Structures are given as structure tokens and as C-alpha cells.
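Its first residue numbered 106, the sequence shown is counted upward by one per residue in the numbering used here.
Since the structure comes first, as C-alpha cells, the remarks are kept for the end.
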Amino acid sequence: MAKKAMVEREKKRQKLVAKYAAKRAELKAIAADAERPMEERFKANLKLAQLPRNSSETRLHNRCQLSGRPKAYYRKLKLSRIALRDLASKGQIPGMVKSSW
106 MAKKAMVERE KKRQKLVAKY AAKRAELKAI AADAERPMEE RFKANLKLAQ
156 LPRNSSETRL HNRCQLSGRP KAYYRKLKLS RIALRDLASK GQIPGMVKSS
206 W
């Protein structure tokens, strides 16, 4: 089980990303537009730098929904390999059986 503080920090980051997504996309579009004057593009970059760091989508990290584990994460199921194996061996995931040979 991951520390609760880490899971909560990740939730906080997700809220910040959602809150600033539109503003960040707008500023990035202005900064990338080569047809705009250089001063305007520079100002857009400065405003972009003033946004909170945690509002950037690249700072998000996938975590298991059950345990909060950040590594060995299956995106499709939103679970870590350990949680997935536990649920599969209990028969709680339809169509998934533990392999044996």
C-alpha cells in the first residue's frame, strides 16, 4: 500500500491539471504560432511559466486504483500487477484465470 500522502498529492495534481488545461493549451498555441509577433509569443511563454508546475500534465503519474502503487501499472485496467493478480486469483475479473502448465 502506497503512502496516503502520495496518493492525495497525485489527486491534487489531477485537479490542478484539469483546472488549468484550457489556459495552458491557449498559451501554448499562442507561443507556438509563428505568425504572431515575437513579443506576444514571449509574453505567452512568461505567463505559461507563471502557472503552477503541478498543473502540467507531464507531472501526473499513473497509480493503481486499489493500492496506489506507482509501478507495474496496467493502463487498461488501472491496476498494478499485484492487485490484478489478487483479483484474478479470487475470480473477480471475468475471463481471467491464473495460468498453470
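Just so you know, even glycine gets a beta-carbon here, dropped at the ideal spot from N, CA and C.
Only a predicted model underlies this, so the values are computations on that prediction, with no experimental measurement involved.
LEU189 carries a helical assignment under DSSP once its states are collapsed to helix, strand and coil. Residue pairing by DSSP places LEU184 opposite TYR179 in a beta bridge. Nearest C-alpha to ALA110 among VAL122, GLU131 and ARG174: ARG174. Between TYR179 and LEU189, the beta carbon gap of about 6 Å places them in contact (Cβ cut-off 8 Å). Put simply, of GLU162, SER194, LYS181 and ALA177 the residue whose alpha carbon is nearest the alpha carbon of GLU115 is GLU162. The shortest C-alpha to C-alpha distance from GLU145 to any of LEU192, ILE135 and LYS120 is the one to ILE135. Three or more beta-carbon pairs separated by less than 8 Å link the region 118-127 to the region 150-170, which places the two stretches in contact. Contact annotation: the region 122-139 touches the region 152-160, with at least three C-beta pairs closer than 8 Å.
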